[in-house]
Structures are given as structure tokens and as C-alpha cells.
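Chains as they are written, first to last, in our numbering: chain Z, 1 to 304; chain A, 1001 to 1304. For every residue, glycine included, the Cβ atom is placed at its ideal position computed from N, Cα and C. In what follows, a structure is listed as C-alpha cells, so that the remarks can point back to it.
If you want it as C-alpha cells, here you go:
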């Protein structure tokens, strides 16, 4: 039997498959070193998803996980995480074995498209496949190291970036869904809850951000974006409600200066609300871990 | 010379090219019937882009253009225009010659992915190429008819949807860029300005939305998302500044009930600011038309 040598087209196609498989292995090896992978999703833009991610990272790092928290800014066309964590103008170092994340406050490791752009004005005019490729590279070629937590900040919507993140990262601990209370926002966030379910990831819960504003002069509370929308969706969709974060101008100022508000204004009602949300997320994750351990224990006992 | 008949693969490929060219012709014919095509873009999400689009449509329709204004909601994964214009639960009618837009207030013709989804919870889990295909179909297969204005509301970012809209629509009159005043937002909006320039479309100007909040009880103004960011970008990037719209809880309420605030609360400072912005946009467009006419006139005179 004669063995036909592959044509050039066949060889290119085989090489591509082999490269993709090698990247899959690197991605899995890299992600296996990280204990908990948490995705922050919203559906609608401008609801404070990146603010929640940045503050969650700082909260975790300040609770016995310093130097063991990473943040992947998966918003390729509109990256804002570096600004919020005060690590702008940094560059990713490329070493022999791969790219090294930038180091933020409390040793938080940050990777963002922002680090690869020559200036603020430079747009990333990329269609979906290219954005997905960038995210897969950030997951597979970056030396994240041994981490307790990786937080992934997604851009709005349920398109390429969200799909790639959800399909590429193995064993996602859960998805935090952020919304503002308005009805218009609820419409889009419901889609995000269904999306998460369809991709078989657990919903850690819904955060209602920008919930009510207290006038700093007279103390009157105004529901600028209405109120209660997050809780309503959580009830309707049967997922946990994590809490409300009041609208506070200091949150925006802190994001602009790159000093997360739970550090900078740790006594503010928003910071107090945020810490309660973090505690709920931790409880769920630890509960799941305990559950898994019990299950493993039970399985190993049955095997005896 | 013998003529080789095409292989099956070659035939499929030829058919695809022919179909694409036929769609291009339909798209051009459809767009040529619309006098002014305006794109509303932001870069960052949640800055009120759809609110601006919906209110701009109503403002134009109420100024001698009733029944001659269309809105394309190009946010495929997070459509909110139908909710804001009070035309939810409608369906697109498919006639013999194509799809018919839904009819909103003042005869505004609306096309949105929302009309094609079975429920609010249904996510559109589509990668870029599919989203682009949907937008091209909305532009080419919908019987928009003879319109004075088509407003295109883009999702956040400079990815597939934005690229497809900017590359598919011929003779875009201009792009309105919406931002909130924060520095974090400015970072992303600068990219949107560069994006527009790279795609050779004129920037009509920048709108600063959610600019300052006046306490309804004591009248104290608080800059919740800081202030002046829109004007700053406009100056830095050398594009027109269209104006500031103050944050007003009634805008959010009106969006939720589907009654645009410039109608529902026409005396509010936000509505007054908005009407000034519309006037500036109209002046620029009419100035360009006059400029073009003068130029044509000059050209035809030179040709004499």
C-alpha cells in the first residue's frame, strides 16, 4: 500500500489543528493552576461591571489572598480595568516562557489589551474571530502562575468575547451578573442569566449597582435609575441576589484615580454593601468546595 | 479551447459571491432612498446611547419629518430601542417584497432583533459573522421606504457591529458620539473618535450625557460621574461638542415606560439641553447639504 504524502493545503490544515490542540493544552495547564475562576458578566454596558471586578479583586487580595489574585480584562475594544486599578501605562513583559501579567495593588496580576496599545486614542477595530484569538492567547500564553482567584471582566453582551471565555476556561467557579435597577437594563440582564445557564456555568448571583443616590447636602435619597430591578430578576429567574450598591460620586472619582473605593472610602455605605456581597460570594464558593470535598469523600468511601 | 465546467466547490463559491453582490445592490438601493443616515456610537456601554437615539428620532419626527424617520437597533445581543420607544412585543411583518419595519410613535419605523426573539429571557449567543449578517439583512431586506432620516444605534465597542454598519451604509451623514463625563469613559470614547475617522465618516459631535444631578429636594447639584469630560475630549480630538444632558431620574423612568423624555418631560432642563443638541446636529447636516449643493453648483459651472 502506498502512502500518499499530504497536499500543501492538507498540511496547512493539519498544522493548524495541531497548533490549536497545543494551545488548548497550554490553556488548560495554565488554568489548572488557578483555584477559582470567576466571570463577571452584565449583558448591558455601563452598569459598573469593571468597577465590581476591580473592587472584588482588591477585596479578595486584602483577605489573605495578596499576590494570589489575577484579573483578565476581556473587554478587547474598551478596556478600563488598568485605569481602575491604577496600573495604566504599564506594559506586559515577555519572558522566555511567555507573557508576564502587570502587577497592580496588593500584587494583583492584571492582563488587558490596554497594555498592548500605543495610545489612548488607538481603537481596536477587530472583528470577533480576532478578539477571541486575543482572549485565548491571554489565557494560554500568559504566565498567571499559582493563583487562588482569577476574575474575568467581560465586555457587554453575549457575543464572541463572552462565548470564548465561557467555552475556553475549564471549571468556572461561577458567574457574577451585574445590573442597574432600570427596567431597560433588566431586559438585557435576563438574557445574560439564560446565557450562563445554557453554557452550564453556575450563577453566583446578581449585584444591583447604582441603586439609589443620597444627596450629600440634604440626605434625600433619589432612585435615579429606579430601584429593586436586580432583586426582581433574581426572583424571577431563580438565582441568588447578592445585594445593592448605592450610587456614590466617590466610586466614579476613585475609578478615575485608580484607587478602588472599598479601600479609598472603606466606611462609605457603598463599600459596606460591597463587602457584604463579597462575603456572600465567598460563602457560596466555599460551600461548593466543601460540597465537592464531601462528595469526593463519599465517592472514595463507596469505592472502599 | 475546451471550457472546463466548474467543480462543485467552485460553483458554491461563485454562487456565494453572486448572492453577496445581489445583496450589496439591494442594500445600496434601499439606503439611497434615505436622505440622511446618522450613526450613534459610544465605545463604552451604558452612557445613554440608545436614549439619545430614541429621543433624537422623536425630536426629528416632531419637526416636520413625521412618518419619515427610521431607527435601526444594531445592538443584536442587547436590543433596548423597542422598549424605549414603547413598541415592544411587536413583530416584523414579512410581505412579498421584504420585511416591514414596526411603527413607533410619530410613525417612526423601527427594526430590532428584539422583534425576532420569542421572549425577554432569550439570549442571542452569536459570534461576530452572524451578527454582521443580521445587520446587513436589516439594511438590505427591510422595506424602509423613502425616509428623511435613518438613525443607527450601535452596541458599545468598535467591533463587528460597528464595522459592518460603517462599511455597509453608503454616504453616512455623520456620527454622533455619546459619553458620560468620567475619565474612565473618556478613554474609550477617544477610541471611538479615532475609529470614526479611520472609517472616513464625519463626526457630527460629542454629547456629554449624565452630566450633573440636581437633588429634587434641595436643588444641590452633584457631579455623580464627574463633569466636563465630553467637552475635554472634543477639544483634544478637534471635533464639535454638542452639549451636556443633566442626569434626571425622569429620563430613566420615561425610557422604562417607553415615552421619550423630550415629549413626556419637555420642559425639563434635560429636554431643553437635548433640543439644543438636535438643533446643532441639524445645522451641521443642513450646512453640509448647502455646502454640497454649492460645490455641485460650482462644479457644474466649471463644467459649462
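Examine chain Z for any beta-carbon lying closer than 7 angstroms to the beta-carbon of residue 1120 of chain A, and answer yes or no. The residue you call residue 1120 of chain A lines up with position 120 of the second chain. Interface residue, yes.
Span of the beta strand (DSSP E) around residue 1204 of chain A: As a position in the second chain, residue 1204 of chain A is number 204, starting the count at 1. Here the beta strand (DSSP E) through residue 1204 of chain A covers 1203-1208.
Determine whether the beta carbon atoms of residue 50 of chain Z and residue 84 of chain Z lie at a separation below 7 angstroms. Reading the first chain from its first residue, position 50 is the one you call residue 50 of chain Z. Reading the first chain from its first residue, position 84 is the one you call residue 84 of chain Z. In this structure, residue 84 of chain Z lies closer than 7 angstroms to residue 50 of chain Z by Cβ.
Buried or exposed for residue 1103 of chain A, please, with buried defined as at least 16 other CB atoms from any protein chain shown within 10 angstroms of its CB. Numbered from its first residue, the second chain carries residue 1103 of chain A at position 103. The residue is exposed, with fewer than 16 neighbouring Cβ atoms inside 10 Å.
Compare the C-beta of residue 305 of chain Z against all C-beta atoms of chain A and say whether one is closer than 7 angstroms. The requested residue 305 of chain Z does not occur in the structure, where chain Z is confined to residues 1 to 304.
Under 7 angstroms between C-beta atoms, does residue 1187 of chain A make it to chain Z? As a first step, residue 1187 of chain A must be located in the second chain, where it is residue number 187. Yes, its Cβ sits closer than 7 angstroms to a Cβ of chain Z.
Under 8 angstroms from the C-beta of residue 1253 of chain A: neighbouring residues of chain Z: In the second chain, counting from the first residue as 1, residue 1253 of chain A sits at position 253. 226, listed in chain order.
Closest to residue 134 of chain Z by CA distance: which of Z:121, Z:113, Z:172 and Z:150 is it? For the purposes of this step, residue 134 of chain Z is taken as residue 134 along the first chain, with counting starting at 1. Answer by Cα proximity: Z:113.
From this set, A:1253, A:1111 and A:1285, which residue's C-alpha is nearest residue 1074 of chain A's C-alpha? Position 74 of the second chain, counted from the start, is the residue given in the question as residue 1074 of chain A. Considering only alpha carbons, the answer is A:1111.
Buried or exposed for residue 1286 of chain A, going by 16 or more other Cβ atoms inside 10 Å? The residue you call residue 1286 of chain A lines up with position 286 of the second chain. Counting Cβ neighbours within 10 Å, residue 1286 of chain A comes out exposed, since fewer than 16 surround it.
Which whole-angstrom value is the C-beta distance of residue 156 of chain Z and residue 1159 of chain A, which I expect to be below 8 angstroms? Against the first chain, residue 156 of chain Z aligns to sequence position 156. Against the second chain, residue 1159 of chain A aligns to sequence position 159. Not quite, the Cβ-Cβ distance comes to about 11 angstroms (not below 8 angstroms), so this is no contact.
Mind pulling the chain Z residues with CB within less than 9 angstroms of residue 1160 of chain A? For the purposes of this step, residue 1160 of chain A is identified with residue 160 of the second chain, where counting begins at 1. Those are 126, 127, 128, 131, 159 and 160, listed as they occur along chain Z.
Closer than 8 angstroms is the cut-off here; do at least three beta carbon pairs connect the region 47-62 of chain Z with the region 95-109 of chain Z? yes
Can you find the residues in the same chain that come closer than 6 angstroms, C-beta to C-beta, to residue 1213 of chain A, ignoring five residues on each side of it along the sequence? For the purposes of this step, residue 1213 of chain A is identified with residue 213 of the second chain, where counting begins at 1. Cβ neighbours of residue 1213 of chain A beyond the five flanking positions: 1222, 1224 and 1247.
Judging by CA-CA distance, which residue of A:1018, A:1154 and A:1182 is the nearest neighbour of residue 1227 of chain A? Numbered from 1 along the second chain, position 227 holds the residue referred to as residue 1227 of chain A. Selected option, being the one with the closest Cα: A:1182.
Taking its Cβ as the centre, do 16 or more other Cβ atoms sit within 10 Å of residue 1017 of chain A, making it buried, or is it exposed? Numbered from 1 along the second chain, position 17 holds the residue referred to as residue 1017 of chain A. When all chains shown are included, residue 1017 of chain A counts as exposed.
Contact between the region 1002-1009 of chain A and the region 1140-1153 of chain A: three or more CB pairs below 8 angstroms? no
Would residue 1249 of chain A pass as an interface residue toward chain Z - the criterion being a Cβ-Cβ separation below 7 angstroms? In the second chain, counting from the first residue as 1, residue 1249 of chain A sits at position 249. By this cut-off, residue 1249 of chain A is an interface position.
Within chain A, the residues that residue 256 of chain Z reaches when beta carbons sit closer than 8 angstroms: By 1-based counting over the first chain, the position of residue 256 of chain Z is 256. Chain A residues near residue 256 of chain Z: 1182, 1183, 1184 and 1226.
Beta-ladder partner(s) of residue 142 of chain Z, from DSSP: Taking the first chain and counting its residues from 1, the one referred to as residue 142 of chain Z is at position 142. Paired residues: Z:99.
Separation of residue 72 of chain Z from residue 86 of chain Z, as counted between CA atoms: As a working mapping, residue 86 of chain Z is identified with position 86 in the first chain. As a working mapping, residue 72 of chain Z is identified with position 72 in the first chain. For residue 86 of chain Z and residue 72 of chain Z, the distance between alpha carbons rounds to 15 angstroms.
Can you find at least 3 beta carbon pairs, one from the region 1243-1260 of chain A and one from the region 277-285 of chain Z, that sit closer than 8 angstroms? no
Hey, is residue 1195 of chain A's beta-carbon within less than 7 angstroms of any beta-carbon in chain Z? Counting from one through the second chain, the residue named residue 1195 of chain A turns up at place 195. Cβ-Cβ to chain Z under 7 angstroms: yes for residue 1195 of chain A.
Compare the C-alpha of residue 31 of chain Z against each of Z:165, Z:121, Z:92 and Z:189 and name the closest. Taking the first chain and counting its residues from 1, one reaches residue 31 of chain Z at position 31. The shortest Cα separation from residue 31 of chain Z among Z:165, Z:121, Z:92 and Z:189 belongs to Z:165.
Compare the C-alpha of residue 82 of chain Z against each of Z:62, Z:93 and Z:53 and name the closest. The residue labelled residue 82 of chain Z in the question sits at position 82 within the first chain. Comparing Cα positions, the closest option is Z:53.
I want to verify the contact list: residues of chain Z whose CB lies under 9 angstroms from the CB of residue 1047 of chain A, in sequence order. Numbered from 1 along the second chain, position 47 holds the residue referred to as residue 1047 of chain A. Residues of chain Z passing the Cβ test: 45 and 46.
Check whether residue 1170 of chain A and residue 1028 of chain A have beta carbons under 7 angstroms apart: Against the second chain, residue 1170 of chain A aligns to sequence position 170. Against the second chain, residue 1028 of chain A aligns to sequence position 28. The answer is yes: Cβ separation under 7 angstroms.
Residue 1190 of chain A: which of A:1230, A:1026, A:1173 and A:1153 sits nearest, CA to CA? Here the question's residue 1190 of chain A lines up with position 190 in the second chain. Cα-wise, what sits closest to residue 1190 of chain A is A:1230.
Let me know the alpha helix (DSSP H) ranges lying completely inside the region 209-264 of chain Z, each 4 residues or longer, listed in chain order. 229-237, 249-257 and 261-264
Would residue 301 of chain Z count as contacting chain A if we go by Cβ distances under 7 angstroms? In the first chain, residue 301 of chain Z corresponds to position 301, counting from 1. Low local confidence applies: a pLDDT of 47 at residue 301 of chain Z is under 50, so the model's placement there is unreliable, with the coordinate-based value given in what follows. For residue 301 of chain Z, the answer is no, since every Cβ of chain A falls outside 7 angstroms of its Cβ.
Can you find a C-beta in chain A that's less than 7 angstroms from the C-beta of residue 222 of chain Z? Position 222 of the first chain, counted from the first residue, corresponds to residue 222 of chain Z. Yes, contact with chain A.
Classification of residue 1266 of chain A by the beta-carbon crowding that lies within 10 angstroms, buried from 16 upward: Here residue 1266 of chain A refers to the residue found at position 266 when the second chain is read from its first residue. Exposed is the call here.
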